[in-house]
Amino acid sequence: MILIHAFILVALMLACPPVDATDHLSALGKAIFFDPSLSEPPGQSCASCHAQATGWTSPDSATHAGGGVHEGAVRGRFGNRRPPMAAYASFSPPLHLDPEEDHFVGGNFWDGRATGWLLGNPSAEQALDPFLNPVEQNLPKAAEVVRRVCAGGAGEGLRAWFGTEVCANPVAGFNAIAQAIAAFEASPEMNAFSSKYDFFLKDPARYPLSEQERLGLALYADEDKGNCAACHPQTPGPQGEPPLFTDFTYDNLGVGRNPDNPWYGLSERNPEGAGWRDEGLGGFLKRVPRFADRAAENLGKYKVPSLRNANLRPSAGFVKSYMHNGAHKSLEEVVHFYNTRDLKPDCAGLADPAPGVNCWPAPEIGENLNTEELGDLGLSAEEEAAIVAFLRTLDDGWMPAAE
Numbered sequence: 011m012i013l014i015h016a017f018i019l020v021a022l023m024l025a026c027p028p029v030d031a032t033d034h035l036s037a038l039g040k041a042i043f044f045d046p047s048l049s050e051p052p053g054q055s056c057a058s059c060h061a062q063a064t065g066w067t068s069p070d071s072a073t074h075a076g077g078g079v080h081e082g083a084v085r086g087r088f089g090n091r092r093p094p095m096a097a098y099a100s101f102s103p104p105l106h107l108d109p110e111e112d113h114f115v116g117g118n119f120w121d122g123r124a125t126g127w128l129l130g131n132p133s134a135e136q137a138l139d140p141f142l143n144p145v146e147q148n149l150p151k152a153a154e155v156v157r158r159v160c161a162g163g164a165g166e167g168l169r170a171w172f173g174t175e176v177c178a179n180p181v182a183g184f185n186a187i188a189q190a191i192a193a194f195e196a197s198p199e200m201n202a203f204s205s206k207y208d209f210f211l212k213d214p215a216r217y218p219l220s221e222q223e224r225l226g227l228a229l230y231a232d233e234d235k236g237n238c239a240a241c242h243p244q245t246p247g248p249q250g251e252p253p254l255f256t257d258f259t260y261d262n263l264g265v266g267r268n269p270d271n272p273w274y275g276l277s278e279r280n281p282e283g284a285g286w287r288d289e290g291l292g293g294f295l296k297r298v299p300r301f302a303d304r305a306a307e308n309l310g311k312y313k314v315p316s317l318r319n320a321n322l323r324p325s326a327g328f329v330k331s332y333m334h335n336g337a338h339k340s341l342e343e344v345v346h347f348y349n350t351r352d353l354k355p356d357c358a359g360l361a362d363p364a365p366g367v368n369c370w371p372a373p374e375i376g377e378n379l380n381t382e383e384l385g386d387l388g389l390s391a392e393e394e395a396a397i398v399a400f401l402r403t404l405d406d407g408w409m410p411a412a413e
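For the sequence shown, our numbering gives the first residue as 11, with consecutive numbering after it.
Dropping the structure here:
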């Protein structure tokens with residue numbers, strides 16, 4: 011209990027840095043984010059799984075094309091989910107039960123376990139988990155993370171910002187590192203709001219969408235057609251804030267297992283082997299006494315991601331994967347899945363599902379399936395392509411043609 015109180019006290023002291031020095035704290039967080047010495051063995055940093063060229067998610071095309079999950083610092087050890095996008099995650103509120111809608115909102119990670127309950131900031135709590143995860147950066151304890159940061163290039167900045175004693179206190183030091191990384195993840199560098207759609211919202215006449223993109227936007231927002239906006243709202247906020255394309259809720263879309271996920275074969279870490287099921291938010295809630303009674307109704311639900319940067323990649327041939335387990339390999343496939351998941355043609359002799367083929371594997375978890383907002387949307391091939399065209403306007407770094 012004393013340790014918990016210490017964490018909370020430090021969190022309160024670190025939660026509100028002076029506004030005029032935010033850039034300094036962000037720069038400190040960036041240095042830690044890119045530091046490859048913060049793993050055992052050294053070589054893996056936060057940026058190893060969250061790179062700018064791919065929208066701050068996995069920079070490895072082969073990983074996307076296969077199991078979708080990353081190898082950790084220790085060779086042969088893999089996680090069990092696709093790395094989520096770090097960009098725009100800083101806007102997620104702490105995990106809470108919405109009293110009006112009676113569903114969970116906020117938190118970070120696919121299962122919401124970076125709740126924000128301890129530090130008041132889900133991004134800060136999320137930043138700490140990979141350091142100590144045996145299948146990621148594999149450091150033995152918080153004190154070792156603090157020691158390495160303080161001994162490295164970011165040590166001077168950490169002491170200058172948080173005080174000379176921060177490196178002598180593992181609790182204070184670990185939380186300081188969390189706050190610094192969270193500041194970088196909240197910075198304009200990671201949350202650029204520089205997509206074609208952002209330019210369009212600022213000045214539709216000067217930066218118009220193409221005819222196909224406009225059709226895609228209309229279908230995206232239409233409750234009777236694509237209905238994408240039900241979970242990924244595309245309109246600016248009440249004060250003109252640019253849309254985040256997520257409502258921070260959780261959903262079971264009925265995605266099938268990714269058979270290439272190496273987690274199924276890691277008996278050392280996964281004793282269930284091929285029988286393992288990713289229970290998502292429900293699996294986390296089982297471990298939270300005050301919400302354990304809500305676990306069953308949340309099995310198979312995963313965080314609704316932002317659709318920003320969904321198509322961002324360093325080259326045309328780079329493969330990106332989608333969903334919590336990387337089971338889908340293109341935006342075309344994702345939209346077709348949303349459109350046709352519940353259609354049941356004769357699948358005999360068909361290969362793996364692909365655009366134009368309505369033969370999808372069974373949901374990884376059949377409970378709590380969303381059957382109201384997707385599954386049989388009745389979109390034509392032209393309409394699917396239009397929605398994909400609109401989604402491609404959400405990638406940061408768009409440059410208008412010379413005027």
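C-beta: ideal position from N, C-alpha, C; glycine also.
Quick check on the DSSP output: the alpha helix (DSSP H) that includes V176 runs from which residue to which? For the purposes of this step, residue 176 is taken as residue 166 along the sequence shown, with counting starting at 1. Neither: V176 is in no alpha helix (DSSP H) and is coded neither H nor E.
Of the residues G226, K206, E223 and L227, the one placed nearest Y217, counting alpha carbons only: One-based indexing of the sequence shown puts residue 217 at position 207. If we check each option's Cα against that of Y217, K206 comes out closest.
Can you tell me the Cα-Cα spacing of L22 and L129, whole angstroms? Position 12 of the sequence shown, counting from 1, holds the residue named residue 22. Position 119 of the sequence shown, counting from 1, holds the residue named residue 129. Low per-residue confidence applies at L22: pLDDT is 35, beneath 50, and the placement is therefore not dependable, though the value from the model is reported in the following sentence. Their Cα atoms are separated by approximately 8 Å.
S197 to L353, Cα distance in whole Å? The residue given as residue 197 occupies position 187 in the sequence shown. The residue given as residue 353 occupies position 343 in the sequence shown. If I take the Cα positions, the gap works out to 43 Å.
E374 and R304 - do their beta-carbons sit closer together than 9 Å? Walking along the sequence shown from the start, residue 304 turns up at place 294. Walking along the sequence shown from the start, residue 374 turns up at place 364. Not in contact: R304 and E374 (Cβ atoms no closer than 9 Å).
Return the first residue and the last residue of the beta strand (DSSP E) that L341 is part of. In the sequence shown, counting from the first residue as 1, residue 341 sits at position 331. Where L341 is concerned, there is no enclosing beta strand (DSSP E), although the alpha helix (DSSP H) it sits in stretches over L341 to T350.
Within the continuous alpha helix (DSSP H) that includes H106, where are the two ends? As a working mapping, residue 106 is identified with position 96 in the sequence shown. No alpha helix (DSSP H) holds H106; the beta strand (DSSP E) holding it covers H106 to D108.
Please state the DSSP three-state secondary structure of Y217. Within the sequence shown, residue 217 is the residue found at index 207, counting from 1. Note: Y217 maps to coil in three-state DSSP.
Would you kindly check if the distance between the Cβ of A63 and the Cβ of A322 is under 9 Å? Within the sequence shown, the letter at position 312 stands for residue 322. Within the sequence shown, the letter at position 53 stands for residue 63. The question names Ala, but residue 322 is Leu in the sequence shown. For L322 and A63, yes; Cβs fall inside 9 Å.
Since A99 and S133 should fall inside the 8 Å C-beta cutoff, what is the C-beta to C-beta distance between them, to a whole number of angstroms? Numbered from 1 along the sequence shown, position 89 holds the residue referred to as residue 99. Numbered from 1 along the sequence shown, position 123 holds the residue referred to as residue 133. Yes, A99 and S133 are in contact; Cβ-Cβ is about 6 Å, under 8 Å.
Going by CA-CA distance only, name the one from S340, N380, A97 and G376 that's closest to L401. Taking the first residue of the sequence shown as position 1, residue 401 is located at position 391. Residue S340 is the option with its Cα nearest to L401.
Is there a Cβ from chain D that is less than 9 Å from the Cβ of C59? Given the protein chain composition of this structure (a single chain), no chain D is represented.
Count Cβ pairs between the region 115-123 and the region 254-265 that sit closer than 8 Å; are there 3 or more? yes
Using a threshold of 9 Å, state whether the C-beta atoms of L105 and T125 are closer than that. Residue numbering aside, residue 105 sits at position 95 when the sequence shown is read from its first letter. Residue numbering aside, residue 125 sits at position 115 when the sequence shown is read from its first letter. It is a contact, given that the beta carbons lie within the stated cut-off.
Pairing CB atoms from the region 170-190 with CB atoms from the region 34-42, are three or more of them under 8 Å? yes
Reference F43, options Y312, W127 and R158, closest by Cα: Locating residue 43 in the sequence shown gives position 33, counting from the first residue. Residue R158 is the option with its Cα nearest to F43.
I want to know whether the region 268-284 touches the region 380-391 - three or more CB-CB distances under 8 Å. no
Going by the CB atoms, is the gap between G310 and E282 shorter than 9 Å? Taking the sequence shown and counting its residues from 1, one reaches residue 282 at position 272. Taking the sequence shown and counting its residues from 1, one reaches residue 310 at position 300. It is not a contact, given that the beta carbons lie outside the stated cut-off.
Which value, in whole angstroms, describes the spacing of the CA atoms of F88 and K151? Counting from 1 along the sequence shown, the entry for residue 88 is found at position 78. Counting from 1 along the sequence shown, the entry for residue 151 is found at position 141. Spanning the two alpha carbons is a distance of roughly 20 Å.
Taking just the CA atoms, how far does G376 sit from F301? By 1-based counting over the sequence shown, the position of residue 301 is 291. By 1-based counting over the sequence shown, the position of residue 376 is 366. F301 and G376: Cα-Cα distance of roughly 21 Å.
Neighbourhood of N349 by C-beta distance below 8 Å, restricted to the same chain and skipping five residues each side: Here residue 349 refers to the residue found at position 339 when the sequence shown is read from its first residue. For N349, where only same-chain residues beyond five positions count, the Cβ hits under 8 Å are L384, D386, L387, G388, L389 and E394.
Integer Cβ distance of G285 from A306, believed to fall under 8 Å: Residue 285 sits at position 275 when you count from the first residue of the sequence shown. Residue 306 sits at position 296 when you count from the first residue of the sequence shown. About 19 Å separates the two Cβ atoms, so there is no contact after all.
In the DSSP assignment, what residue or residues form a beta bridge with E81? To locate residue 81, count along the sequence shown from 1; it is residue 71. DSSP lists F88 as partners of E81.
Which residue's Cα is closest to the Cα of K212: P253, L225 and Q189? Start at 1 with the first residue of the sequence shown, and residue 212 comes out as number 202. Here the closest residue by C-alpha is P253.
So what's D208 in DSSP terms, helix, strand or just coil? Reading the sequence shown from its first residue, position 198 is the one you call residue 208. In this structure, D208 counts as helix in the three-state DSSP scheme.
Could you tell me if E233 is buried or exposed, where buried requires 16 or more neighbouring beta carbons within 10 angstroms of its beta carbon? Sequence index remark: in the sequence shown, residue 233 carries index 223 (1-based). So E233 counts as exposed.
Could you please give the first and the last residue of the uninterrupted beta strand (DSSP E) stretch that includes V115? In the sequence shown, the residue the question calls residue 115 occupies position 105. Looking at the DSSP string, the run of the beta strand (DSSP E) that includes V115 is H113 to V115.
Can you check the region 130-189 for any alpha helix (DSSP H) of at least 4 residues that lies completely inside it and give the ranges in chain order? 132-142, 152-161 and 165-172
Compute the distance between the beta-carbons of R91 and H334, then report whether it is under 9 Å. Along the sequence shown, read from residue 1 onward, the residue named residue 91 stands at position 81. Along the sequence shown, read from residue 1 onward, the residue named residue 334 stands at position 324. Result yes, Cβ atoms of R91 and H334 sit closer than 9 Å.
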